[in-house]
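Protein chains in written order, with the numbering used here: chain A, 1 to 255; chain B, 1001 to 1637.
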């Protein structure tokens, strides 16, 4: 047992991807995270490292984060090769250091996908996901024109199914985990949510075509059934929604 | 100065309908000539930008996040209120109006609250049409749950992620307008100044957070939907990027800041575990339906909770408030927890925690029932604390959560600066001194979908088109002011980090201006804040430069503004010599420790005007009139 663990703190070796900008070459740099307890979240551990770097006159590691409670979908790091660190249904900000032990070496990289260019260090541009939604991830309901919420009944089963799909936080872990850099789980979840509800059925065919086109234009790959996306998804979105996406696409071809 | 909220007169039931008819309109063919700048893309901002774009206005929308979908509205858990009365349990627009005025401890404007209650039903319809998957019962009808401060079931919900689903609905409507070209989106941009011409708000100055570019955007009106300021406490339930900055620059340009001391401290959050901590996590209020709050009766009782027998436990909420028990409102429950911990009977590290115990409910209903009701919350608790809430009681403690105060607005949601509109949590309008659960989502969407589309036209129809040009001296002056401040921040090259200053300020605010305030603690805070501010400007260290992604620089700007705002906050709390809602002054309490309002002297909103960083602000009063609800003492005994 080291002196550290007797005091209840850990020292970890971090090997972190540093990259000045989208067109600059990147490289791995090594840092020590000292005085870390089991109660630190992974991002709080990086906060500690950044404070030390600033004190040493060095540039802190840039990473995206915001709500720090697993719902905004901003944090996006590949930890030891796995998006969000590989703990089931967990975002980076919810990952805690009790999952690591004193002396561990941790590799930290940004999302890596053609459609997500690196902006700096661990921060990437995920604007492509917004473009896919802009292509058709909505119903065209005008403000103020809606009928009473109970005028169209929706079975509990459909509402629950739609909610399962709608839980997506748009973090992009599915893309980062996919060997093809595909956004099929992300797109499939939105297409399925709206196709399952009467309000979304009217525009279903146009929606699926338009969103799939946007997906291709943004540089996302295609699905070859590895299902890494589902394993990496911090909300546990099911790959059945990719099957639904394909079905909706076929239906759109027939009509 | 006495401020006039310009509420319409006449019977309150018809005020909004009458007002909608009285307001001026903009011809459909003329709408595209007007440009509207919407800052912030949470519930208020996304719904406003989408609805205004749909009407044909030329809209530009700004957010600091990389996508509008990540605004902090996304984190709201419980639900959204509406007066649908689907359960047939006696709800009505009048009852929602009454509960909200009373819940706010009689410190909000009646007409604004009435309108909120009136449009609440339209919000639910709109969201259903967008494909928001609200919970349904087995017959396919919308389901409701109960929330604090109401005796009816009027809360609509989507599992524990209602805020997320409503925001994604508004975001989808916004995305549709972006595709149609009526809205242009500028993500990763932060508003750093407001540009006025002839006293009217006509432009903003932003920093592109990726390139560092400082530039102006000009328009015919500016709509701030920039959220609340609870991060002045450093540790709060807010997102780390949430700040007072957009509101603060507007204040410094002449907008009045109303009731900054009204802040909500939420009773059920996971306690702090160390100095490194960046965030306090909320556990939904709904847990208090089945959880019982207690602390040991004896001081220094260090036995594990399971070994403390019933007779040695103090179920303090049930003892103090027998009729409401564990479901006492947020302000009351928070203060009671603090009282036990101040008495030295708190539990966990540092004695800053109380137990929330489910053992009785599990014994009565079984663990499965509790899991079905709150499973996701128990999971979240375990992720953070590594403790199993089914086996040992949870530990909770209050944390800053929401800002009822904000920029002063009139009935049209326009500030005292013509052309500057303020929506959602950023304004002060409807929650008074305390907000009820499930009402924040309602207000954000009411303002964005159903109020601003009408009221902004009334202003636009009376202003001149294109008053501010991009090459105007006002624009250039604003850009150089913003650049000068950034240069100043970067050139300090001191020893201490932004986070250290934020922590120091937050700790002072929490201890002196937090759940219980006194003349002594407030006076001390007002003395100490300028000293921290001076230290900040002498000894701050920011690495890197301004022409690149620089998160330390972004944070420094936000903390610099908090260091000024904190003083106003404390001054407002000092001047308000009464206790009401989230504002508790220890000098003004009843014998048994309840808040004592002073309607004779403080039945007004205090709107503060800027006179310089080291100058005392000027106070303007808006007297509050209660013609439809009788002023009464809130009691939960």
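Even for Gly, the Cβ is constructed at its ideal location relative to N, Cα and C.
A check of alpha carbon separations from residue 131 (chain A) across B:1181, B:1164, B:1588, B:1134 identifies B:1181 as the nearest. At a C-beta separation below 8 Å, residue 1497 (chain B) has these neighbours in chain A: 51, 54, 55. Look at the region 67 to 90 of chain A: the residues with a C-beta under 9 Å from a C-beta of chain B are 67, 68, 69, 70, 71, 72, 73, 74, 87, 89, 90. In its chain, beyond the 5 residues on either side, 190 have a beta carbon closer than 7 Å to the beta carbon of residue 133 (chain A).
Taking 8 Å as the cut-off, the beta carbon of residue 1224 (chain B) is found closer than this to the beta carbon of residue 1246 (chain B).
Contact annotation: residue 1078 (chain B) and residue 1236 (chain B) have beta-carbon atoms that are not nearer than 8 Å. Residues of the region 1205 to 1229 of chain B whose Cβ lies closer than 9 Å to any Cβ of chain A, in chain order: 1210. In this structure, the CA atom of residue 1440 (chain B) is about 31 Å from the CA atom of residue 1613 (chain B). Contact of residue 1437 (chain B) with chain A is not assigned, every C-beta pair being separated by 8 Å or more. For residue 104 (chain A), not one C-beta of chain B is nearer than 8 Å to its own C-beta.
Between the C-alpha atoms of residue 64 (chain A) and residue 86 (chain A) there is a straight-line separation of about 18 Å. Per DSSP, reduced to three states, the secondary structure at residue 1402 (chain B) is strand. Secondary structure note for residue 210 (chain A): its alpha helix (DSSP H) is the uninterrupted segment 204 to 217. Residue 79 (chain A) and residue 1518 (chain B) have their C-alpha atoms roughly 48 Å apart. What residue 1031 (chain B) touches in chain A, judged by beta-carbon distance under 8 Å, is nothing: the nearest beta carbon there is about 14 Å away. Closest in C-alpha terms to residue 1489 (chain B), from the list B:1454, B:1505, B:1536, B:1525, comes B:1536. Comparing alpha-carbon positions, the option among A:155, A:138, A:146 lying closest to residue 1141 (chain B) turns out to be A:155. Residue-level contact check: residue 23 (chain A) does not touch chain B, since none of the beta carbons of chain B fall below 8 Å from its beta carbon. For residue 1122 (chain B), the CB contacts under 8 Å within the same chain, skipping 5 residues up- and downstream, are 1449, 1450 in chain order. Cβ proximity to chain A below 7 Å picks out 1273, 1274, 1276, 1277, 1278, 1279, 1281 from the region 1272 to 1283 of chain B. For residue 1293 (chain B), the three-state secondary structure derived from DSSP is strand.
Taking the beta carbon of residue 167 (chain A) as reference, the chain B residues within 7 Å of it are 1161, listed in sequence order. For residue 1266 (chain B), no Cβ of chain A is located within less than 8 Å of the residue's own Cβ.
Counting of Cβ neighbours within 10 angstroms places residue 1164 (chain B) among the buried residues, the total reaching 16 or more.
A direct Cα-Cα distance of roughly 12 Å separates residue 39 (chain A) from residue 1387 (chain B). In this structure, residue 1337 (chain B) sits near residue 1267 (chain B), with a CB-CB distance shorter than 8 Å. Along the region 115 to 135 of chain A, going in chain order, the ones with a CB nearer than 8 Å to a CB of chain B are 119, 120, 123, 125, 126, 127, 129, 130, 133, 134, 135. Taking all protein chains shown into account, residue 1462 (chain B) has fewer than 16 neighbouring C-beta atoms within 10 Å of its C-beta and is therefore exposed. A residue is called buried when at least 16 other Cβ atoms come within 10 angstroms of its Cβ; residue 83 (chain A) meets this threshold and is buried. Chain A places a beta carbon closer than 8 Å to that of residue 1168 (chain B), counting this residue as a contact. Residue contact with chain B for residue 212 (chain A): absent (no Cβ-Cβ distance below 8 Å to any residue of chain B). Of all residues in the region 161 to 195 of chain A, only 162, 163, 166, 167, 169, 170, 193, 194 place a beta-carbon less than 8 Å from a beta-carbon of chain B.
Nearest C-alpha to residue 1005 (chain B) among B:1026, B:1097, B:1111, B:1016: B:1111. Per DSSP, the beta bridge partners of residue 17 (chain A) are A:28.
For residue 1528 (chain B), the uninterrupted alpha helix (DSSP H) run begins and ends at 1519 to 1539, by DSSP. DSSP, reduced to helix, strand and coil, places residue 1494 (chain B) outside both helices and strands of the structure shown, so it counts as coil.
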